[in-house]
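Residue 16 in full-length UniProt numbering sits at position 16 of the sequence shown, with consecutive numbering throughout.
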Amino acid sequence: MTRWLAGAAALALLPPAASAEVITTRYLCERGVEIPVTYVNGVDPAVVVLVVEGRMMTLEQEVSGSGARYGWPSDGSHYVWWDQGEEATLSWYDGEVGEEVTLYAFCERQ
């Protein structure tokens with residue numbers, strides 16, 4: 001059900017007649033935490049929709065040196081999803097302190 005909701009939320013973000021590619025998958029992280037993920041590519045900016053601890057969040061692709069980094073475009077605190085190949089990490093960026101804290105590491109695409 002959450003996978004379907006994430007996909008539906010991602011589609012709702014698209015402008016009419018967009019040629020977007022929607023990829024729905026899931027990651028299994030440390031401590032057995034499963035994170036359903038929907039990537040929406042072909043739109044500017046690309047987005048990812050995550051369901052974490054019962055909360056759905058949409059993050060926009062940011063500039064990264066390697067892999068794909070997604071966050072919320074603000075100077076404040078926000079979640080950060082960083083994937084590279086078949087692995088990903090979910091972090092919390094504390095805008096007040098200016099540093100990231102890893103919430104879930106070693107997330108493997110299933």
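Glycine included, C-beta positions come from ideal geometry on N, C-alpha and C.
Same chain only: Cβ atoms within 7 angstroms of residue i, ignoring 5 sequence neighbours per side
i     : result
Ala17 : Unreliable positioning characterises Ala17 in this predicted model, as indicated by a pLDDT of 47, which lies under 50. A coordinate reading is not provided.
Asp83 : Gly67, Ala68
Residue i in three-state terms, based on DSSP
i     : result
Glu30 : helix
Val97 : coil
Ala20 : coil
8 angstroms contact criterion, which residue i and residue j should meet: CB distance rounded
i     : j      : result
Val48 : Trp81  : 6 angstroms
Pro73 : Glu60  : 6 angstroms
Ser77 : Gly98  : The pair is not a contact, with the Cβ atoms about 10 angstroms apart (cut-off 8 angstroms).
Leu28 : Glu86  : Not confirmed; about 11 angstroms, so no contact.
Arg26 : Val37  : 6 angstroms
Val33 : Tyr104 : 6 angstroms
Same chain only: Cβ atoms within 6 angstroms of residue i, ignoring 5 sequence neighbours per side
i     : result
Glu62 : Arg69, Gly71
Pro23 : Correcting the residue identity first, residue 23 is Ile in this sequence and not Pro. Excluding positions up to five away in sequence, the list reads Tyr39.
Chain-order list of residues whose beta-carbon lies under 8 angstroms from that of residue i (same chain, five-residue window excluded)
i      : result
Glu100 : Val80, Ser91, Trp92, Tyr93, Asp94
Gly65  : none
- Enumerate, from N- to C-terminal direction, the unbroken beta strand (DSSP E) stretches of 3 or more residues contained entirely within the UniProt domain "C-type lysozyme inhibitor" (27-95). 34-41, 47-52, 55-62, 68-71, 78-84, 87-94
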